[in-house]
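*Asks:*
Number of protein chains: 2
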Amino acid sequence: MVENSISDAASALDDEHKIVDRVYSAVMQHTLAPNTKLSESTICESFGVGRMKARRALLLLASQGIVDLRSNRGAFIACPDQRDADEVFEARIHIEPSLVGQVADRIDRAGLKALGDHVKMEKAARRADNRQDIIRLSGEFHVLIATVSGNKFLTRTLRELVTRTSLIVALFGSGESSCCRDDEHEKILEAIKSRNAGQASELTREHLEHIRLGLDFSQTHNSEPDLISLLRAN
Amino acid sequence: MVENSISDAASALDDEHKIVDRVYSAVMQHTLAPNTKLSESTICESFGVGRMKARRALLLLASQGIVDLRSNRGAFIACPDQRDADEVFEARIHIEPSLVGQVADRIDRAGLKALGDHVKMEKAARRADNRQDIIRLSGEFHVLIATVSGNKFLTRTLRELVTRTSLIVALFGSGESSCCRDDEHEKILEAIKSRNAGQASELTREHLEHIRLGLDFSQTHNSEPDLISLLRAN
DNA sequence: AAAGAGACAATTGTTAACAATTATTGTCAA
DNA sequence: TTGACAATAATTGTTAACAATTGTCTCTTT
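Each protein sequence line maps, in turn, to chains A and B.
Residue 99 in the numbering used here sits at position 15 of the first sequence; the count goes up by one each step and never skips.
Residue 261 in the numbering used here sits at position 177 of the second sequence; the count goes up by one each step and never skips.
#1: Kindly indicate which three-state DSSP category residue 86(A) falls into: helix, strand or coil?
#2: According to a CB-to-CB cut-off of less than 7 Å, which residues of the stretch 185 to 209 of chain A neighbour chain B?
#3: Residue 178(A) versus chain B: which residues are under 8 Å apart at the beta carbon?
#4: If you compare alpha carbons, which of 273(A), 111(A) and 247(A) is closest to residue 200(A)?
#5: Since residue 161(A) sits in a beta bridge, which residues does DSSP pair it with?
#6: Drop a sphere of 10 angstroms on the beta-carbon of residue 297(B), count the other beta-carbons inside from all chains shown, and report buried for 16 or more, exposed for fewer.
#7: Hey, which unbroken runs of the beta strand (DSSP E) at 3 residues or more fall wholly within the stretch 217 to 299 of chain B?
#8: Comparing alpha-carbon positions, which option in 116(A), 104(A), 226(A) and 103(A) lies nearest residue 254(A)?
#9: Nearest-angstrom Cα distance between residue 278(A) and residue 227(A)?
#10: Leaving aside the five residues before and after residue 243(B) along the sequence, list all residues of the same chain whose C-beta is less than 6 Å from its C-beta, in chain order.
#11: On the DSSP letters alone, give me the boundaries of the alpha helix (DSSP H) that residue 116(A) sits inside.
#12: Roughly how many angstroms lie between the CA atoms of residue 258(A) and residue 154(B), to the nearest whole one?
#13: Assuming residue 184(B) and residue 109(B) make a contact with CB atoms under 8 Å, what is their CB distance in whole Å?
#14: Should residue 162(B) go down as buried or exposed, given a rule of 16 or more other Cβ atoms within 10 Å for buried?
#15: Please report how far the alpha carbon of residue 128(A) lies from the alpha carbon of residue 222(B), in whole angstroms.
#16: Just tell me which of 236(A), 105(A) and 101(A) has its CA closest to the CA of residue 174(B).
#17: Helix, strand or coil for residue 302(A), going by three-state DSSP, please let me know.
#18: Shorter than 8 Å from the beta carbon of residue 319(B) to some beta carbon of chain A?
#19: So what's residue 212(A) in DSSP terms, helix, strand or just coil?
#20: How big is the Cα-Cα spacing for residue 160(A) and residue 218(A)?
#21: Please report the Cβ distance between residue 172(A) and residue 238(A), rounded to the nearest whole angstrom; I am assuming they are in contact, meaning their Cβ atoms lie under 8 Å.
#22: In the stretch 169 to 212 of chain A, which residue ranges form an unbroken alpha helix (DSSP H) of at least 4 residues, counting only runs that do not cross its ends?
#23: So which of 281(B), 125(B), 234(B) and 293(B) has the shortest CA-CA distance to residue 194(B)?
#24: What does a CB cutoff of less than 8 Å around residue 120(A) pick up in its chain, not counting 5 residues either side in sequence?
#25: Does residue 119(A) get closer than 8 Å to chain B when you measure Cβ to Cβ?
#26: Residue 93(B) CB to nearest chain A CB: under 8 Å?
#27: For the alpha helix (DSSP H) containing residue 130(B), name the first residue and the last one.
#28: Assuming residue 229(A) contacts residue 187(A) (C-beta within less than 8 Å), just tell me the rounded distance between them.
#29: At a CB distance below 7 Å, what residues from the stretch 220 to 246 of chain B approach chain A? Give them in sequence order.
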């Protein structure tokens, strides 16, 4: 019992973490669509936890902007609008090119292997035409760069930005552009390998701009206007 | 009753927000020292809320790294170490110079006034030798820059970084350097006013390096040794 | 048949009691 | 006096019941 107390104490806090992680993954591979309701009972049953932990997990998800808490209504997967999208890409363009440059300067052998393995996985997913993996791995490449930089704060920040980006792409991605072209990740990795910080940084900036340009905000993706126009069509 | 339902619903979520804000302010002006315990009962009494809201607020504070939750022990103001400090300054140097450059390019009249007013307040606090205000306003200048940029995500991120910086300075700040020299803020503002993005960016980078150089990690700032040496003095 | 009122069901928000763990105090023996 | 050990107090973690709000369905009325 004494020995278990350690793992019990850990799992006590990590139950919520596990829930957050699963929701995060589901959003990353577009399994959970924006505006999907996450009821407390659903989470309780899915993860076999009490209502308290479910609510704590939802609060954590809300604090990360993945979920939207509406009073007396429940929790819903966030539904970013164009303004949110602008903020996310603005933030990413402030952070990622600079971060990639630093990584190019300082990365060690283990880091290079991690990035190389990841790019290989991306390629494999693309060959297998596994859309869910493709889209998830594309996003996680950017988080992995933060991870190999060793900066936990930036890793968490990028994780949040990438998750929001996934929601944005789910809403406004136009066809092909829904996932990064993996050759861009490969080129960035090449620049890092050759320790060319300036080039790695610039390639990253361009890569982010490409993703941004692949978005189409012309369609209204709100909840109400769609219905209104639909009803008028009748 | 119907009218109140709106404000009630708002305050329902904003009770926690209010608590988080107050703790944030207290940390920013060094009223709450690292490792201080925040018991649930304390918060319940201080803010007149139930235990549920107190715990939600503590969870939010923990998710922002301001507070450290220890299982069955309670919540303690975070106690960053040198590694944490390195991460925070690394992140700030990735973000802030780039952000200030953008602000210099795009700021409008209202934004300039906000920054100007803030610098005046800093000067006034310095003249009045109000140490708490000096240290708080010094940190909030950096958050204000993110605010005038209009990017809510970066505002939240910087808020978190600045709060952690406040804890770091409280632990490792050596004498004078405990607060930014306000002339540096003034110079940055001048560069922004003159729309010189490059200079504003560079000044910001140097400013952050100056704060970092004012830290002294040689002393051990653990929890126990302090008390032991204090008692030995008796 | 459509609109609206009202009852019912389902979900979320809150409170309070209970359980478990940790911190503190007091006692006893060396 | 000091150390370990036991009992008590205080604090946190969890569960369950209750309250309040929202959504749905039916029934009435026009």
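Each residue gets a CB set at the ideal place from its N, CA and C atoms; glycine is no exception.
Just so it is clear, the structure is predicted and the values come from calculations on it, not from any experiment.
*Replies:* With the given structure in hand:
#1: Below a pLDDT of 50, predicted positions are generally treated as unreliable, and residue 86(A), at 32, falls in that range; the measurement from the model is reported next regardless. Helix.
#2: Taking a C-beta cut-off of 7 Å against chain B, none of the residues of the stretch 185 to 209 of chain A qualify.
#3: 178, 179, 182, 183, 186 and 238
#4: Checked all of 273(A), 111(A) and 247(A); the closest Cα to residue 200(A) is 273(A).
#5: Paired residue(s): 151(A).
#6: By the neighbour-count criterion, in which a residue is buried when 16 or more other Cβ atoms sit within 10 angstroms of its Cβ, residue 297(B) is exposed.
#7: none
#8: Closest by alpha carbon: 116(A).
#9: Roughly 21 Å between the two C-alpha positions.
#10: 227
#11: Unbroken run through residue 116(A): none, as it is neither H nor E.
#12: About 46 Å.
#13: Actually they do not touch by this definition, with Cβ atoms about 24 Å apart.
#14: Here residue 162(B) is buried, its C-beta having at least 16 other C-beta atoms within 10 Å.
#15: So the two alpha carbons sit approximately 45 Å from each other.
#16: 236(A)
#17: Coil.
#18: Any property of residue 319(B) remains undetermined from this structure, which presents chain B solely from 85 to 318.
#19: The DSSP-derived three-state label of residue 212(A) is coil.
#20: 25 Å
#21: With 8 Å as the limit, residue 172(A) and residue 238(A) do not qualify as a contact, their Cβ atoms being about 15 Å apart.
#22: 193 to 211
#23: Shortest Cα-Cα distance from residue 194(B) to any of 281(B), 125(B), 234(B) and 293(B) involves 234(B).
#24: 160 and 161
#25: no
#26: Because residue 93(B) sits at a pLDDT of 42, beneath the cut-off of 50, its placement in the model cannot be relied upon, and the following sentence gives the value as read from the coordinates. Cβ-Cβ to chain A under 8 Å: yes for residue 93(B).
#27: Start and end: 124 to 131.
#28: Residue 229(A) to residue 187(A), Cβ: 6 Å. Contact.
#29: Answer set for the stretch 220 to 246 of chain B: 235, 236, 237, 238 and 241.
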